[in-house]
Amino acid sequence: MPRRGNRLLVVGLVGAAALTSAMAVAALATGAEPVAAGVVCPNPVDELPAIPAGARIQVERELSALDQQVAEANERLVSTAGQGGPNFAQNAILGPLRDKRAATLERIAIAIGREADRPEGLEQFATCALLGEGEQPAPTTTTTARETTSTTAAPEQEQDDVAARIACPDPTGALPAVPQAARAEVERELANLDRQVEEANERLVSTRGQGGPNFVDNAILGPLESKRAAALDRIEIAIGRVSDQRPGGLESFAECSLG
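Quick note on numbering: the sequence shown equals residues -26 to -1, 1 to 233 in mature numbering (1 follows the signal peptide of the UniProt record, and there is no 0).
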């Protein structure tokens, strides 16, 4: 899978609240069992381009805010159950949530636009809906598109997706002799690198068939690259703290690929 070398993508693009809500809509649209009442929101991940390094921190922060907003709205939905009239949820929960999401999505567009082409149309992801218990909502455009892509995929492509694994370069050969005083920390960070790849592969399996063409890059490979870059930097710092032979260039081992 081709990727831009200077790209650092978003950590945690899809939080549990937004992802669960989106999956609930998709499940109901395909005739699955109804779920309990909750706020469901469209997922903006597929519409995001590769995130420039200069915008990465702010975009990460705003995407986390979107997840937090949905979680808070669902908490408020539970705590106010039975209150107000028929328009209570719309006026007191969904309306304010839409405004918050619109502002957050605008900040994402601005942050990316400062460094690259500004993404357009993110405002369409601001409006959320209330999924009542037993309700069978009509499929949205996004859900339909995903179902079509999934059901019409060639068998060969499906087999490739199942067998695909994330492969990452091994930095151990580039390390100098690790001083005794740094050994424990370096070993801990090397173990972190292994665990990060395992978690990314688990996520690759659990999210198979979700999202658009940029989903794996944005939601899995990008966050993995950022985590690995941080772990590799901590390795450099640990060695450099007790030795004048601080290794350089370990960041070249941060980027992984889908093999």
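Even for Gly, the Cβ is constructed at its ideal location relative to N, Cα and C.
In this structure the segment 57 to 71 does not touch the segment 79 to 97; the number of beta carbon pairs closer than 8 Å is below three. In its chain, beyond the 5 residues on either side, Thr78, Arg81, Ile82 have a beta carbon closer than 6 Å to the beta carbon of Glu36.
By the Cβ rule, the segment 214 to 226 does not count as touching the segment 182 to 198, because fewer than three pairs are nearer than 8 Å. A distance below 6 Å between beta-carbons, with the five flanking residues on each side excluded, links Pro26 to the following residues of its chain, in chain order: Glu89, Ala90.
An exposed status is given to Glu176, since fewer than 16 other beta-carbon atoms sit within 10 Å of its beta-carbon. Annotation for Ile84: Arg92 place their beta carbon closer than 8 Å to its own, counting only its chain and skipping 5 residues before and after. Within the segment 29 to 81, the runs of alpha helix (DSSP H) at least 4 residues long that lie entirely inside it are, in chain order, 30 to 53. Note on geometry: alpha-carbon atoms of Val19 and Val179 lie some 18 Å from one another.
Cβ-Cβ separation between Arg215 and Ala156: approximately 7 Å, consistent with a contact (criterion under 8 Å). When beta bridges are read from the DSSP output, Ser200 appears opposite no residue. One alpha carbon belongs to Ala212, the other to Ser200, and they sit about 19 Å apart.
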